[in-house]
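Under this note's numbering, think of the first position of the sequence shown as 1, with each following residue one higher. Note that CB positions come from ideal geometry on N, CA and C, so glycine has one too.
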Amino acid sequence: MNGRVGVRDVSPADVDVDFSQIFNHIYWSPPTVMLAGEARNGRYALFTDFIYLGLEADGTSPGPLAALSAEAKMNMVLWTFGGSYRVVDNGTATLDVLAGGRLWYLDTDLTVTGPLATREASGSKTWVDPLIGVAGNVALGNGFGLHGE
Numbered sequence: 001m002n003g004r005v006g007v008r009d010v011s012p013a014d015v016d017v018d019f020s021q022i023f024n025h026i027y028w029s030p031p032t033v034m035l036a037g038e039a040r041n042g043r044y045a046l047f048t049d050f051i052y053l054g055l056e057a058d059g060t061s062p063g064p065l066a067a068l069s070a071e072a073k074m075n076m077v078l079w080t081f082g083g084s085y086r087v088v089d090n091g092t093a094t095l096d097v098l099a100g101g102r103l104w105y106l107d108t109d110l111t112v113t114g115p116l117a118t119r120e121a122s123g124s125k126t127w128v129d130p131l132i133g134v135a136g137n138v139a140l141g142n143g144f145g146l147h148g149e
């Protein structure tokens with residue numbers, strides 16, 4: 001994760017965290033959840049996947065007169081949903097066309113504590129992106145195959 005994060009009237013801060021470090025910042029209450037499913041009837045199908053992830057981090061930075069400490073918490077929901085139609089099914093390969101959407105929800109809380117005061121800020125954002133694409137499967141034999149989306 002690389003970028004800048006800020007909430008309302010708190011100045012943005014640079015964030016640069018490797019994937020391996022993100023795992024150390026997951027908080028497990030409520031639990032992190034990943035679910036996926038597909039229901040098919042003939043050439044038609046409905047699909048979904050859902051991810052809930054909570055991250056938290058804290059730190060202290062020495063200032064010219066006194067130290068500042070900060071704690072940040074972020075909750076994220078990704079929910080993908082849609083339908084598909086199978087345009088090719090020849091026994092060895094399949095090709096589906098997909099349409100749907102992906103809902104994003106981010107909620108961030110930030111607390112900064114200094115020698116004279118504690119400031120808290122929070123914010124959230126929700127949006128939906130359209131999703132169109134194709135998915136295919138090819139059987140290679142002996143129980144092996146390729147899948148791509």
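query: Buried or exposed by the 16-neighbour rule on C-beta atoms within 10 Å, applied to residue 47; result: buried
query: Residues that residue 15 bridges to, as DSSP identifies them; result: 3
query: Own chain residues within Cβ distance below 6 angstroms of residue 57, not counting five before or after; result: 25 and 72
query: Same chain, Cβ closer than 6 angstroms to residue 102, neighbours up to 5 away in sequence not counted; result: 80, 129 and 131
query: Separation of residue 127 from residue 92, as counted between CA atoms; result: 38 angstroms
query: Residue 100 - containing beta strand (DSSP E), residue span; result: 93-113
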